[in-house]
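Undergrad: When the letters of the sequence shown are read in order and numbered with the working numbering, they come out as residues 2 to 476.
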Amino acid sequence: MIGIKFSFVYQYTKYQNIMKNLFFTLSIFSSLIVNSQSINLVEFATGLTAPVEITNANDSRLFVVQQNGIIKIIQPNGTINGADFMNISSKVLYGGERGLLGLAFHPQYSTNGYFFVYYNNIANGNITVARYSVNPTNPDIADPTTEKILLSIPKPFDNHNGGSIHFAPDGNLWIVTGDGGSGGDPNNNAQNKNSLLGKMLRIDVNATGPYNIPAGNPFAGTGVDGADEIWAYGLRNAWKFSFDTVTGNAMIADVGQGAIEEINKMPVTQAGINYGWRCYEGNNAYNTAGCAAMSTMTFPIAVYDHSGGKCSITGGYVYRGTQYPALQGKYFFADYCSTQIGILNTDNSVVWTPASSGNNFSTFGQNSQKELFVAAVNSGKIFKITTGTLGTEETSEFNPIYIHPNPASEKVFVEGLTDGNSTADLISTEGKIVLEKAKIENDGSVDITGIPAGAYYLIIKSNDMKSYSQKLIIK
């Protein structure tokens, strides 16, 4: 099979031995224990080839991007149109992480018929963002002769292509690019504000030329270092981002180098953010040579490591549909290798579902009613996300974890544990290990006598790789 994340799997294998003992500072650590929420994956469509994007044109249809350069239409009953919406496979370099990767419909698509795609071109693998038009007499078929190329960005390596594009509430097209590839960003593209790689770009496509630069782009017309198109920088290989129009946040899932996956959440109005790569992987220092001060960077709200077979994050959406009120406000994402779906709660805690056998989740999507779907690149299936028990997998429900008192001194108590062999780590906000594998007594207490006052992260780990973290103040 050919999948979008194969080099990430390779990196995980390559680095797992040297990284397995790495401890890291947390803003919020992922949890399998707190606020458990079971979901149900209902098979919606099957028979697709390497689906990597799901979106809608503000009508009842779903549009699925296949990595091989073909866009398919799925009807509300799950049937796939026989005719392709568009086939540009002759233009697309398909294989590994490259291919047709993104699709976004113009906010006025119903009247102007414009949509935009993101792909690697066949000639040299350049990142290409192009506009196309729908057939004026058949809404189920696009006109492949109408291509207008907006961006062509050279890439030094074949991996880390990014590929997610969306129109923001501001009407502009936002584009996320990978850092150019290889490992460790050897060209330092993500931190180079004059490179369009490793960035969030923001352009105005309502132009007679290729595009205009919207007002508010942080480096445009300021006389300071930086390309006009850049909105934010310091991303490694953000594999899917989305907008939560209720809160006004951009949600960005950034794939890690070899140890840590991250979720970033920032207001769409906040420009010029540096997300830290290659200086930091998640919250961990990675290669800080020549880097700006840590205080100038924005760190993720949630991270997870590669325990339990995890390797590569697939970003999704905050649920804003109406059919399943229990899911309201939760951010859905997945790990490609562990075949698990993660749910980020509104308090930034994370719950993982059991593994979904045979489904490497490559993308999420919404229909026009904001109900959620998820695709598996290897099985070619699209699932609808509902509440209930996940498929036929056995689901374990966990008691909520309660840590008290907070602030604490001398002892802190952990309630709700079901594993009598759980241990506790205590890490300072500077990343120093203060306690490692500390015993949790029968009464649930952890001895913190003699630890200096300050802010820490208390991490509870069990033998079966479940984990929970909470910020703890010691007084």
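For every residue, glycine included, the Cβ atom is placed at its ideal position computed from N, Cα and C.
#1: Compare the Cα-Cα distances from Gln67 to each of Gln76, Leu104 and Asn59 and report the closest residue.
#2: Which word fits His478, buried or exposed, when buried means at least 16 other C-beta atoms lie within 10 angstroms of its C-beta?
#3: Can you name the start and end residues of the beta strand (DSSP E) that Ser446 belongs to?
#4: State the CB to CB distance for the pair Val319 and Gly330, rounded to an integer number of angstroms; the pair is presumed to be in contact (CB under 8 angstroms).
#5: Measuring straight from C-alpha to C-alpha, what distance separates Asn1 and Phe242?
#6: I need the DSSP call for Ala58, collapsed to helix, strand or coil.
#7: When we look at the beta-carbon of Gly277 and count the other beta-carbons within 10 Å, is it buried (16 or more) or exposed?
#8: From the DSSP output, which residues share a beta bridge with Ala239?
#9: Counting pairs of beta carbons, one from the stretch 208-216 and one from the stretch 299-307, are three or more of them closer than 8 angstroms?
#10: Would you list the residues sitting across from Ser134 in a DSSP beta bridge?
#11: Are at least three pairs of beta-carbons, each pair with one atom in the stretch 257-267 and one in the stretch 332-350, less than 8 angstroms apart?
#12: Could you name the residues of the same chain whose beta carbon sits closer than 7 angstroms to that of Phe45, not counting the 5 residues immediately before and after it, in chain order?
#13: Helix, strand or coil: which one does DSSP assign to Thr297?
#14: Helix, strand or coil: how does DSSP classify Leu480 here?
#15: Pick helix, strand or coil for Gly249, following the three-state DSSP scheme.
#16: Given that a residue counts as buried once 16 or more other Cβ atoms are within 10 Å of its Cβ, and exposed if not, what is Glu442?
#17: Threshold first: 3 residues or longer. Then list the beta strand (DSSP E) segments lying entirely within the stretch 317-364, N to C.
#18: For Leu328, which residues of its own chain have a beta-carbon under 6 angstroms away from its beta-carbon, when the five flanking residues on both sides are left out?
#19: Can you list, in chain order, the residues of its chain whose CB lies under 7 angstroms from that of Ser380, leaving out five sequence neighbours each side?
#20: Going by DSSP, what residue range makes up the beta strand (DSSP E) through Asp426?
#21: Please report how far the alpha carbon of Thr178 lies from the alpha carbon of Gly451, in whole angstroms.
#22: With DSSP collapsed to three states, give me the class of Gly309.
#23: If you measure from the CB of Leu198, is any heavy atom of the ligand HEM nearer than 6 angstroms?
#24: Measuring straight from C-alpha to C-alpha, what distance separates Asn250 and Gln271?
#25: Report yes or no: do three or more beta-carbon pairs, one from the stretch 137-150 and one from the stretch 165-181, lie closer than 8 angstroms?
#26: Would you check if the distance between the CB atom of Tyr95 and the CB atom of Asn122 is smaller than 7 angstroms?
#27: Counting pairs of beta carbons, one from the stretch 192-207 and one from the stretch 148-156, are three or more of them closer than 8 angstroms?
#28: If distances are taken between C-alpha atoms only, which option among Leu63, Phe333 and Cys338 comes closest to Ala254?
#29: Could you have a look at Tyr110 and say whether DSSP puts it in helix, strand or coil?
#30: Apply the 10 Å Cβ neighbour rule to Ile434 and answer buried if 16 or more other Cβ atoms are within range, or exposed otherwise.
#31: What distance in whole Å lies between the Cβ atoms of Thr388 and Tyr40, which are believed to be in contact at a cut-off of 8 angstroms?
#32: Within its chain, find whatever has a CB closer than 6 angstroms to the CB of Gly273; leave out the 5 residues flanking it on each side and keep chain order.
#33: Where Tyr133 and Ile150 are concerned, what is the direct C-alpha to C-alpha distance, given to the nearest angstrom?
#34: Which class does Leu94 belong to by DSSP, given the choice of helix, strand or coil?
#35: Compute the beta-carbon to beta-carbon distance between Leu102 and Tyr119, rounded to the nearest angstrom, for a pair I have assumed lies under 8 angstroms.
#36: Give the single residue among Ile231, Asn284 and Asn188 whose Cα lies nearest to the Cα of Ile428.
TA: Reading it off the structure:
#1: Leu104
#2: The chain is shown from 2 up to 476; residue 478 falls before or after that span and cannot be answered.
#3: Ser446 to Asp448
#4: 6 angstroms
#5: Here the chain covers residues 2 to 476 and nothing more, so residue 1 does not appear.
#6: coil
#7: buried
#8: Asp255
#9: no
#10: Tyr115 and Asp144
#11: yes
#12: Gly79, Phe374, Ile383, Phe384 and Lys385
#13: helix
#14: Look at the range of the chain in this structure, 2 to 476, and you will see that residue 480 is not part of it.
#15: coil
#16: exposed
#17: 332-336, 341-345 and 351-353
#18: Tyr320
#19: Gly359 and Asn360
#20: Thr424 to Ser429
#21: 47 angstroms
#22: helix
#23: Ligands are entirely absent from the displayed structure, and the ligand HEM is therefore not among its contents.
#24: 9 angstroms
#25: no
#26: no
#27: yes
#28: Phe333
#29: helix
#30: exposed
#31: Contrary to the premise, residue 40 reads as Ile rather than Tyr in this sequence. So it is a contact: roughly 6 angstroms between Cβ atoms.
#32: Pro219
#33: 9 angstroms
#34: coil
#35: 5 angstroms
#36: Asn284
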